[in-house]
Amino acid sequence: MIKGLEPVPLKDLRALGAPKQWIVEGHLETLPSLTPVRGHLTAEHRGNVLAVEGVLQTIVTLSCDRCLGQFNQQITSKPAELIWLGVTLPGDEPLQAETDIEHVNGWVECLDPRGCFDPEQWVFEQLNLQLPVVNSCGDHCPGPAIPLTERQNNVLDEEADPRWAVLRQLREP
7 MIKGLEPVPL KDLRALGAPK QWIVEGHLET LPSLTPVRGH LTAEHRGNVL
57 AVEGVLQTIV TLSCDRCLGQ FNQQITSKPA ELIWLGVTLP GDEPLQAETD
107 IEHVNGWVEC LDPRGCFDPE QWVFEQLNLQ LPVVNSCGDH CPGPAIPLTE
157 RQNNVLDEEA DPRWAVLRQL REP
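Mapping to our numbering: the sequence shown position 60 is 66, numbers consecutive.
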């Protein structure tokens, strides 16, 4: 757990009347990283929504999907998100005037207005979304191991279990 990123009740954020700011400096237990996660985030209660934004960065060690070698990847995120404060996502109901949002599309997340905002979980989610889907160590990747030559295949076939002989016959032209 990163010191200072403890969950905060949403009612406390509302009572502040101003954005709450956190400095992020430390390692996340749920995202192993080579360097500490560094940055800052701000959360502001705006009636029906919680506006959260931040700047985050760290370096993680990944395994290449092609050659299985390890490489370091810098992860940087500058997220800005509006989280709906309600038990269900909004439908056609109008937003409160204090949200100063004219058009709201694509709500993804909502929080119970009587619940808490967990800044550490939010930091984890934002960084995790920046991880590549396909891990590649780069253009210099040697790729998978070189396949056996025909000669090596024949030697292996002779030493192989005799129960595979029928399948070897199917492979022959």
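The C-beta atom is built at its ideal place from N, Cα and C for all residues, glycine as well.
Given that a residue counts as buried once 16 or more other Cβ atoms are within 10 Å of its Cβ, and exposed if not, what is residue i?
i	result
Q1	Only positions 7 to 179 of the chain appear in the structure, and residue 1 is not among them; the question remains open.
A49	buried
H46	exposed
R169	exposed
I29	exposed
E126	buried
G23	exposed
L173	exposed
Q76	exposed
Q80	exposed
Q175	exposed
H51	buried
L137	exposed
Could you check what DSSP says for residue i in three-state terms: helix, strand or coil?
i	result
R44	strand
L88	strand
A49	strand
Counting only C-beta atoms, is residue i closer than 8 angstroms to chain D at any point?
i	result
A86	The structure shown contains no chain D; it holds only a single protein chain.
Could you tell me the boundaries of the alpha helix (DSSP H) in which residue i lies?
i	result
V172	A171 to R177
L2	The structure shown has nothing for residue 2, since the chain only spans 7 to 179.
What is the residue span of the beta strand (DSSP E) that residue i lies within?
i	result
A57	V55 to S69
S83	Q76 to S83
K26	K26 to G32
Return the Cβ separation of residue i and residue j in integer angstroms, given the expectation that the two are a contact with Cβ distance under 8 angstroms.
i	j	result
V43	L133	7 angstroms
F123	L11	Not a contact, Cβ separation roughly 11 angstroms.
C73	G149	6 angstroms
Can you check the segment 115-148 for any alpha helix (DSSP H) of at least 4 residues that lies completely inside it and give the ranges in chain order? 125-134
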